[in-house]
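Student: Quick one: the structure is below, questions incoming.
Residue numbers (the numbering used here), protein chains in the order written: chain A, 1 to 488; chain B, 1 to 222; chain C, 1 to 73.
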C-alpha cells in the first residue's frame, strides 16, 4: 500500500501535452505569419514549390493551431485540473495512467499524419474537418480514450461535487464527439469500387446544401466546443487559483453554463446567411446569435468580478494580466460575432477579411492568452521550479497585445472596405469596381496584418524560451506554491 | 433539486447531451429530404470533371474562392444568376468556401475559356496584372488521379444512386474501358482548347495533367 | 409516408414547445437558486472553494460516499 506521505498528483501526461502545445504553437503560428505575408507579398508563395502556396498552407495553419496547439493546451490543463478538483491522483490507477500514455502516443501519430497528409494535399476539404477517413477513425479512438479517462477519474473522486471546470470539460467531450461523428460521416471509395484508386479517399455522406448545413453546424460548434467551452473550463480554475480569489458567483456560473449549452448550438445557422438554406433557419441563426451574448458575458463578467477589490494584482502579476485581458477579448469577440450575424451586416461582412479578423481576436486574444497563462501557472507546480523570467512574460504580454490590436483593426478596415466596394454602384446602377480593384486596395492592410502576426509570433518565441528555461533552469522550489506563481 | 446534477456526473452528462443535441435535431435533420433534390437537367460530373474537382480540393482553391452567388444585385451583376440549392445536388463535399480573396467561381464556365485558364494557371499576372494569386505550374506536370475519380463515381452511383450510365461499374476492366472511350477523348478536347502543345502531348500519351482535369471541372461550373 | 409539410409543422411545434419549456425551466431554476440560498437551505458559494483548496490533503468539502476515504491507510 502506498503511504499517505508519497501520494501526490501525477503530472506526467499534463507535462507531455504542455510540450506539444509549445511546439505546435511555434509551428502553427509561423505558418500563419507566412501565409499572412503571402497575401501582402505574393512572391513568398514560391518558397517550397507546390507545397508552399497560400492555398495549401492555409488548412495547415488552421489545423496545426487548432488540433495541435489548442487541443494540446486543453488536454494538458485537463490532466492537471481534473486531478486537483476531484482530489484524485492519476498515479492511483495504473489503468488510467496507461490509457493516458496511450492517448498521448496516438495523438502524436494523428498529429503527424495530419501534417503530412495536408502537405500532400490529401484533404476532405471541409473546413476544420479536412482530415481523411483513416485519420478521422484514429481521432475517434483518441477521443473515446479521453472520455474513459475523464469518467474513470470522476468515478474515483473523493470530492462529491464536480467543480465548474469539469462541467465544461464534460461538455467539450460530448459536444465534439457528437459533432465530429456527424460531420465526418463519409464513404471510403475503395470499398465500393472493387479496390480502385487511393485507399484513403472518401466522399461525404451529404451533398450540397445538406453538406453545408452539417459542415457549418460543425464549423460553428467546433468553435464553441474547442475555442470557447474548454477555455472557459481553463479560466474557471486558473484565474481563481492564481489570484487566490474564489469565483465571484457560483450561481452565475451555473446559469451561464446551461444558458451557453442551450443557446450556442442554435446559432450555427448564421454561417449560411443569404445562402440556399431555408429562410426561417437563417433568421433563427441570427436571433440566437444575439441571445448568445447573455451567457457569454455571464461567464466573462463573473471572471472580472472575481478580481473585485484585488485589481492591484493586475499590476503585480503578469499571469493575472493575461487572464483578465483574455476575458476582455472574450467579451469583445462574443459581441462582435452576434453583430456579424445580423443579416444586413452579414451581407457586407461575409466572404471578407472581417471574418478572419473576428476569429483572430478570439483565438489570439482569448484562447492563446488563456493557454499561455495556464501553462505558466502549471509549470512551477509541474517542474517544481520557479518561472524563469517575469520581465520576459511582461514584454511578451505587451508585444502580443499590440500584435492582436494591429491584426483585428487592419482586418476590420479591410473587410468593410472590400464589402462596400463589391456592392458599390454608380448613378446608372453599374458596378463601380472590378474585382481586382477590391484586391489591390487591401495591400496596406494585409501588410499591417502580417506585421501584427509577426509581433505575436515573436511573443510566442519568448514564451517558448521562457517555458524551456523554467523547465530546465528555473530555481528549484521546496514547496508547491499555493496561489500566486513564483517568478524571478 | 437541480444541484443534484453536479454531484451525479452520469445524469449531468445526459443532461448536457440532451440540451446540445436538441438544436441539431430540429435544425439539421428535417431538412435533408427537401434540399437534396437536383434542379431539372442537372447532370452528374464526368469522371474527368471529378478528377478536376479533386485537383480543386488538393490545391485548396476554396481557401480564396467561393462558389455561392448570393441574391443581391451587386452579386448577380458580377457573377450571374444567384445560386440555387438544387444545383449542388451532386456536390460531395460542397465547395462553397467561406472567403473571397479571389472572385466567386460558381458560374466561371460562362465567362472564361480554357485557354484563358491555361494562361492564368501558368502565370496569373499574364492575364490579371495586379493578381496576388500564386502560379500553379506544378499542375501542368503532375498527372491527375483518374482512377480515384472513377472510384468516386462508382461509389456515389452505388451508395447514393447518382444517375450514371451502365459504363460506370466496379473493377479495373471497366475503368480501363471508360478511360479509353470517354475520359481521354474528353481530356484531349479540353487540352486542345487550352492551346498548349505540352498538354496535348501528355494527354495523347495517356497521361492527363492536373490542370486539364481542373479546367474540365471549371468549364462545368455554369 | 410523412410529407415534408408535416415534417415542417412537427419541427415548428417541437421548436416552440421545446424553447418555451427550456425558458420556463431556466427561469424557475434562477428563482430556485436564489430563493433556496436566501432561506438558508443551501450554500452554493462554498463550492467555489473547490478550486482553491485542491491539495490531496486539503479538507474534503463533501465526501463521495461511493469511495471510502483511503487517506488514513
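Just so it is clear, CB atoms sit at the ideal spot from N, CA and C, and this is done for glycine as well.
Compare the C-beta of residue 47/C with all C-beta atoms of chain B and state if any pair is closer than 9 Å.
Tutor: Chain B, which has a Cβ nearer than 9 Å to the Cβ of residue 47/C, makes this yes.
Student: Name, in chain order, the residues that DSSP records as bridge partners for residue 348/A.
Tutor: Answer is none; residue 348/A lacks a bridge partner.
Student: Quick check on the burial criterion: 16 or more other C-beta atoms within 10 angstroms. Buried or exposed for residue 6/C?
Tutor: With fewer than 16 Cβ atoms within 10 Å of its Cβ, residue 6/C is classed as exposed.
Student: Nearest to residue 370/A by CA position, among 284/A, 484/A, 127/A, 230/A, is which residue?
Tutor: If we check each option's Cα against that of residue 370/A, 230/A comes out closest.
Student: Listed from N- to C-terminal order along the chain, which residues in the segment 83-103 of chain A have their beta-carbon within a distance smaller than 7 Å of any beta-carbon of chain C?
Tutor: Result list: 84, 85, 87, 89.
Student: Residues of chain A with a CB under 8 Å from the CB of residue 229/B: which are they?
Tutor: As displayed, chain B neither begins before 1 nor continues past 222, which places residue 229/B out of reach and without an answer.
Student: For residue 365/A and residue 329/A, which I take to be in contact (beta-carbon distance under 8 Å), what is that distance rounded to the nearest angstrom?
Tutor: 3 Å between Cβ atoms; contact.
Student: On the DSSP bridge assignment, give the partners of residue 487/A in chain order.
Tutor: DSSP, once it has assigned bridges, lists 387/A as partnering residue 487/A.
Student: Mind pulling the chain B residues with CB within less than 8 Å of residue 18/C?
Tutor: Here the neighbours are 22, 26.
Student: Going along chain B, which residues have a C-beta under 8 Å from residue 15/C?
Tutor: Going along chain B in sequence order, the residues near residue 15/C (Cβ under 8 Å) are 26.
Student: Using a C-beta cutoff of 9 Å, does residue 19/B count as contacting chain C?
Tutor: Taking Cβ atoms only, chain C reaches closer than 9 Å to residue 19/B, which makes this a yes.
Student: Kindly say whether residue 180/B, judged by its beta-carbon, lies nearer than 9 Å to any beta-carbon of chain A.
Tutor: Not an interface residue.
Student: Looking at the unbroken beta strand (DSSP E) that takes in residue 186/A, where does it start and where does it end?
Tutor: Element bounds for residue 186/A: 186-188.
Student: Whole angstroms are fine: how far does the CA of residue 48/B sit from the CA of residue 86/B?
Tutor: Between residue 86/B and residue 48/B, the C-alpha separation is close to 22 Å.
Student: On the DSSP letters alone, give me the boundaries of the beta strand (DSSP E) that residue 203/A sits inside.
Tutor: Start and end: 202-204.
Student: Which same chain residues, not among the five before or five after residue 96/B, have their C-beta less than 7 Å away from its C-beta?
Tutor: Around residue 96/B: 66, 67, 68.
Student: Entirely within the segment 154-197 of chain B and at least 4 residues each: give me those alpha helix (DSSP H) ranges in chain order.
Tutor: Entirely contained in the segment 154-197 of chain B, the alpha helix (DSSP H) runs reaching 4 residues are, in chain order, 172-178, 184-193.
Student: Just grab the DSSP bridge partners of residue 124/B for me.
Tutor: Looking at the DSSP assignment, residue 124/B forms no beta bridge with any residue, so it has no partner.
Student: In angstroms, rounded to a whole number, what distance separates the CA positions of residue 10/A and residue 267/A?
Tutor: Residue 10/A and residue 267/A: Cα-Cα distance of roughly 39 Å.
Student: Between residue 158/A and chain C, is there a C-beta pair that is closer than 9 Å?
Tutor: Yes, residue 158/A counts as interfacial toward chain C.
Student: DSSP three-state label for residue 108/A, please.
Tutor: Looking at residue 108/A - three-state DSSP - the assignment turns out to be helix.
Student: Counting only beta-carbon atoms, is residue 51/C nearer than 9 Å to chain D?
Tutor: The chain inventory of the structure shown lacks chain D, comprising the protein chains A, B and C.
Student: Pull up the CB-CB distance for residue 306/A and residue 240/A, whole angstroms please, since I reckon it's below 8 Å.
Tutor: The pair is a contact, with the Cβ atoms about 6 Å apart (cut-off 8 Å).
Student: Determine which residues of the segment 159-179 of chain A have a Cβ less than 7 Å from any Cβ of chain C, and write them out in chain order.
Tutor: Flagged, chain order: 159, 160, 161, 163.
Student: Who are the neighbours of residue 42/C on chain B, taking C-beta pairs under 7 Å?
Tutor: Within chain B, the residues near residue 42/C are 3.
Student: Thinking C-alpha only, which one of 361/A, 363/A, 394/A, 362/A is nearest residue 376/A?
Tutor: If we check each option's Cα against that of residue 376/A, 394/A comes out closest.
Student: Does the segment 383-391 of chain A come close enough to the segment 422-434 of chain A to have 3 or more Cβ pairs within less than 8 Å?
Tutor: With a cut-off of 8 Å, the segment 422-434 of chain A and the segment 383-391 of chain A do not count as touching, because too few Cβ pairs lie within range.
Student: Three-state secondary structure (DSSP) at residue 99/B?
Tutor: Reduced to three states, the DSSP call for residue 99/B is strand.
Student: Would residue 56/C pass as an interface residue toward chain A - the criterion being a Cβ-Cβ separation below 9 Å?
Tutor: So yes, residue 56/C belongs to the interface.
Student: Smallest Cα separation from residue 410/A: which of 432/A, 434/A, 453/A, 420/A?
Tutor: Of 432/A, 434/A, 453/A, 420/A, the residue nearest in Cα terms is 453/A.
Student: Tell me which same chain residues have a C-beta within less than 7 Å of the C-beta of residue 189/A, skipping the five on either side of it?
Tutor: Closer than 7 Å at Cβ, skipping near neighbours: 197, 201, 202, 203.
Student: Identify, in the order they occur along the chain, each residue of the same chain with its Cβ nearer than 7 Å to the Cβ of residue 173/A, setting aside the five sequence neighbours on each side.
Tutor: Closer than 7 Å at Cβ, skipping near neighbours: 146, 147, 150.
Student: How close, in whole Å, do the beta carbons of residue 213/B and residue 51/B come, if the pair is a contact with beta carbons under 8 Å?
Tutor: Sure, about 4 Å apart at Cβ, within 8 Å.
Student: Is residue 241/A close to the ligand COA? I mean its beta-carbon at under 8 Å from any heavy atom of the ligand.
Tutor: Looking at this structure, you won't find the ligand COA or any other ligand, since it has none at all.
Student: Could you check whether the segment 459-479 of chain A touches the segment 106-117 of chain B, counting it as contact only if at least three pairs of C-beta atoms, one from each stretch, sit closer than 8 Å?
Tutor: As far as the Cβ criterion goes, the segment 459-479 of chain A does not touch the segment 106-117 of chain B, which means the pair count is below three.
Student: Would residue 54/C and residue 141/A qualify as a contact pair, given that the criterion is a beta-carbon distance under 9 Å?
Tutor: In this structure, residue 141/A does not lie closer than 9 Å to residue 54/C by Cβ.
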